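Take a look at the structure set out below.
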Amino acid sequence: MNKILKSFIFVLCISSIFILSNSKVNAQEKISLNVFNWGEYIDMSVIKDFEALYPNIDVIYETYDSNESMYTKLTTGDANYDVIIPSDYMLEKLIKEEWLLQLDYGKIPNRQYVRDDLLEKLEAEFSNDTRDSIAINDYAVPYFWGTVGILYDTDKVKKTVDSWEILWDEDYKKQIYMYDSQRDSLMVALKLLGYSMNSTNREELEAAKDLLIEQKPLVYAYVTDTVIRGMIDGEAALAVVYSGDAAYIMDESKYNLDFVIPKEGTNFWFDLMAIPKTSKNVDAAHKFINFMCDPEIALKNTEEVMYSSPIESVFNDVIEEEWANNIAYNPTNIDAFGGEIQTEIFRDPGEFIKTYDEIWSEVLSDGNYIIPLIIGGVILVGIGVYLVVFKKRKKRY
Amino acid sequence: MVRRYQKLFLLLMFLFLYLPIIVLIFFSFNQSESMGNWTGFSFKWYKELVNNEIIQNAFIYTIVCAIISTFVSTILGTIAALGIYRQKRLLKDYVLNVNYLPVVNPDIVTAVSLMILYVSVGFQRGFSSMVLAHIMFSTPYVILTVLPRLNAMDPNIVDAAYDLGATPFQTIRKVIIPEIRPGIIAGALIAFTMSIDDFVISYFNTANGVTNLSIEIYNMARRKVKPTVNALATIMVTVIIMFVLIINKISSKNKYWRFEDEQNT
Amino acid sequence: MNRTFRSLVYPYVVWISIMIVVPFLLIFLYSITESRGGPANLKFTLSHYKEFFSATNIKILSKSFILAFQTTIYCLILGFPTAWIISKISKSKQSVIILFFILPMWINMLLRTYAWQIILGRNGILSTILRPPLGLLGIDFQGLLYTDAAVIIGMVYNFLPFMVLPIYTTLIKIDKNIIDAAYDLGATTRQVFLRVIFPLSIPGIVTGIIMVFLPSISSFAIPRLLGGGQYVLIGNLIEKQFYLLGNWNFGSAISVILMIIILLSMRIMKNTDEAKTSGGGLGIPW
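Chains as they are written, first to last, in my numbering: chain C, 37 to 433; chain U, 122 to 386; chain H, 9 to 294.
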């Protein structure tokens, strides 16, 4: 018996020492590059290709599911990230708060492949006069771009879908996926009301809040990436989704789905690669960004995640493929590409973001608590009475 | 004694407990990615598991972390229990009360407080912070299982050992440890289970690419989960059932490994 | 010789002081300060506590309590009979059955919760069985995912063993002679159960209630996965402060409030548990 125990402990010690020392040795020889990206936003084989090309770099890949959580992890934690991929408004905030490094484009020759019209669009938006202008293109290179719209099942939804209003239709009760992100969900309500999605007007936001609370009984769930699986499996009829996810879902699902950009307008967004000032491997980070802009690599990524690529040749290469031949991949009807639908780019609302937080938590926590409270109270009182009676009885015996 | 309807009730409870596990195993052999409709039998997801580095890494981190934290917390906890055993009132109260904190406090509060500690002292979160956190929350359980054993032990045998000229170390090794062994084993098992199953504390106390299985699954369950995870679960279930059967076999032969014994502590 | 023994506790005293006491002091410190820009600008304030008592947060807190409460009740209703039946099975089979009862706990909790997502979904397994083609119910069953029921099923499933094991432990400790004596004195089976077995198992029940209630009030992964985003419980609120909003001070304040509530309810529990000394205690699930 003792022998069994001893040998068991011995094996444990040896194995743990072995594994520990093994990982140490690896860490000493290689540079580790911490990449912080959105979940499901890359073809994982690309990472292996990168490591094969630069054998002394070991990529540590971590993911997040919202700009806000990325920001918090980057700024309040102790984590080191070398490459991050925030969206436009978050990038603006990070630049304003001086978290980012200016990129050295000498080290990123592949940036020449990025579409000029997109860079100009970004330049024009972020250097306008009404707000503090920032030179966004000095800090980041576009990774993917797209819109937000409604994905719906054409067999279940017979009405014409061309407006955000369909998401308030009683006929589709519990058939609607909303996006669990304060900016995206409030965008839908603000747009429907005809306001700017960058509104910093308290009254407008209150109106949006009331609208979202009114919608709450109709919503199946507020989710982020779960919507992908859910729509593929036909769990609901309507969903607010990002364009690339829509392309992916339509390609994977056996249901007849279609994607529309509502006429009230939507969010035209960019996710861009940037390097935080806290990075310890600036050189390797540049190499990584450059690698991701390589048309061959960008093609792999686009084909995997089905978001619209900012690399001109890649965008045009896939445009005829079945999965890309739609509004989701190629939104020809938005103003940026000569269409009619007005779009906006998210801007950082500064301190006003607290109001967004507040409004969004009020929406999520709204609900009827009176009946459960009464039931809970009755049960509690019941137990109390029982305990008292029980105690008295016990004393009798 | 056990009536038929009671057997039925027990059967239903077991069905409830094992239903999700059966579902996981079933869909690990599904051909399509979808959960919910069966399209055909395949080993596709097992092949993918072999190639999936993220899950493999998470698995290794989980296991290594569990082994180290079980090992350390069992030793630390046993030594501490020996120290508490004949401790003076004041220190004993302090240790026991503080010891209860991680047990009774919600996981999330413990997790968050540790995270604040790491960040304020500038200790970079990663694998070692996770292991330390696991040791921190599993040691109290070891103490709570070992201490009753010590208290139930006849104090005279320790005194007898001394009178016969044993050194304190010899007394512990030859007299006390054999006496409290079931408690130690039970404590180690609890520590191991807690560590393997932990999500909340690890979630707040790792960073820099270190994750464990729980965190990976939590991240995946909110996205397009692939049945690769099911394949892993199936393998885990098989290993655990084999482990349990082996332990059961040993326990029927050896009194120290007997499980009922542990339940009674 | 006692001194040698006593000195063994010192490493652990140092360990818990660093790893348990200091973090709890820190969290308390965070909850009463406002630190914008380093420790130099530390400002004491109670505003985080004031902020907590807003209508939204009170709603969240009561919702968490209601769900945890329901979970505990269902666990008790299902758990007590289970423990009782297991305790009546012959000794040799008992250990195997208990082992198989614990076994699911060794499979990752999140994996099991995720499996419930598959079962309860609108096109999930449960719906497929109940819906028209097979039509066991003959109604258009819409699944349970993202409802109260789903969250409660998930929590009951995960925490049930914590209820069963302590009760089982107290039940098997009951001296058989007491039961025989009761029968000899002419008690009916019902009376034996109500007057002897049940009262003697109360320490186990109390432990079970505590062990189920504690994790369910603060759990945040299960409501997140099975409740959809519309479920903001107290655990989610804390997580959000730390991971989404970066408001650590407010997050700490909520944690402190939660801690106080828990410790208070533990006190009350302890008081109602007269027979605490007889085992159960703040037991371990084995």
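By construction, the Cβ of each residue, glycine as well, lies at the ideal position given by its N, Cα and C atoms.
Since the structure is predicted, the reported quantities are computational estimates derived from the model, not experimental observations.
| query | result |
| --- | --- |
| Cβ-based burial, C:GLY374 [other Cβ within 10 Å; buried from 16] | exposed |
| Reduced DSSP category for C:VAL255 - H, G, I as helix; E, B as strand; rest coil | strand |
| Straight-line gap, H:PRO19 to U:ARG246 (C-alpha atoms, nearest Å) | 23 Å |
| Close-in-space but distant-in-sequence residues of the same chain around C:PHE324 (CB under 7 Å, 5 per side omitted) | LEU69, VAL71, PHE86, VAL119 |
| Beta bridge counterpart(s) of C:ASP294 as assigned by DSSP | C:TYR188 |
| Chain H residues whose Cβ lies nearer than 9 Å to that of U:ILE301 | By Cβ distance, chain H contributes nothing, its closest Cβ being about 14 Å from U:ILE301, past 9 Å. |
| Three-way DSSP call (helix, strand, coil) for C:PRO346 in this model | coil |
| C-beta neighbour in chain C for H:GLN238, strict 8 Å | yes |
| Between the CA atoms of U:MET274 and C:TYR100 - distance to the nearest angstrom | 52 Å |
| From H:ASN65, H:VAL22, H:ILE93, H:THR79, residue whose alpha carbon lies closest to that of U:PRO125 | The question names Pro, but residue 125 of chain U in the sequence shown is Arg. Out of H:ASN65, H:VAL22, H:ILE93, H:THR79, H:ILE93 has the C-alpha closest to the C-alpha of U:ARG125. |
| Closer than 9 Å at the beta carbon, the chain H residues around U:ILE278 | Here the premise fails: no neighbours, minimum Cβ distance about 13 Å. |
| Beta carbon proximity, U:ASN272 to chain C, threshold 8 Å | no |
| Cβ shell of U:VAL321 (< 6 Å), same chain only, five flanking positions each side left out | ASP228, ILE229, ALA232 |
| Pairwise C-alpha distance: H:MET113 and C:ILE121 | 38 Å |
| Own chain partners of C:THR190 with C-beta closer than 6 Å, once the 5 adjacent residues on each side are dropped | ASN292, ASP294 |
| Coil, strand or helix - C:LYS60 by DSSP | Unreliable positioning characterises C:LYS60 in this predicted model, as indicated by a pLDDT of 47, which lies under 50. A coordinate reading is not provided. |
| Helix, strand or coil at C:SER217 [DSSP, three-state] | coil |
| Contact under 8 Å by Cβ, C:TYR213 with C:GLY266 | yes |
| Cα-Cα separation between H:ILE110 and H:TRP124, rounded to whole angstroms | 18 Å |
| Proximity test, Cβ basis, 8 Å: H:MET267 and chain U | yes |
| C:SER221 and C:GLY280 closer than 8 Å at C-beta | no |
| Check whether H:LEU16 and U:LEU203 have beta carbons under 8 Å apart | yes |
| Sequence-distant residues of its chain with Cβ nearer than 7 Å to U:TYR377 (five each side left out) | Any reading at U:TYR377 needs caution, since the residue's pLDDT is 46, under 50, leaving its predicted position unreliable; the model's value is listed next. Same-chain partners within the cutoff: ARG302, PRO303. |
| Distance CB(H:VAL343)-CB(U:VAL219) smaller than 8 Å | The first residue shown for chain H is 9 and the last is 294, placing residue 343 of chain H beyond what the model contains. |
| Closer than 8 Å to chain C by CB, U:ALA328 | yes |
| Beta-carbon gap between C:ALA283 and C:MET342 smaller than 8 Å | yes |
| Span of the beta strand (DSSP E), counted from its first residue to its last, around H:ILE28 | No beta strand (DSSP E) holds H:ILE28; DSSP gives it neither H nor E. |
| Under 9 Å by beta carbon: chain H residues contacting U:PHE320 | ASN116, MET117, LEU118, ALA229 |
| Proximal chain H residues relative to C:THR108, where beta-carbon distance stays under 8 Å | PHE250, TYR251, LEU252, LEU253, GLY254 |
| Nonlocal neighbours in the same chain, by C-beta distance under 8 Å from H:PHE36, ignoring five residues either side | SER260, VAL264 |
| Contacting residues, own chain, Cβ-Cβ under 7 Å from H:VAL204 (five flanking each side not counted) | ILE186, ILE187, ALA190 |
| Proximal chain U residues relative to H:GLY151, where beta-carbon distance stays under 7 Å | The premise fails here: H:GLY151 is roughly 10 Å from chain U at the closest Cβ pair, so nothing lies under 7 Å. |
| First through last residue of the beta strand (DSSP E) which encompasses H:SER70 | First-last for H:SER70: 63 to 96, but that is the alpha helix (DSSP H), not the beta strand (DSSP E). |
| Contact set between U:SER163 and chain C, taken where Cβ atoms lie within less than 9 Å | By Cβ distance, chain C contributes nothing, its closest Cβ being about 18 Å from U:SER163, past 9 Å. |
| Bounding residues of the beta strand (DSSP E) (the contiguous stretch that carries C:VAL276) | 274 to 278 |
| Closest Cα partner of U:ALA201 within the set U:LEU334, U:VAL267, U:LYS128, U:ILE368 | U:VAL267 |
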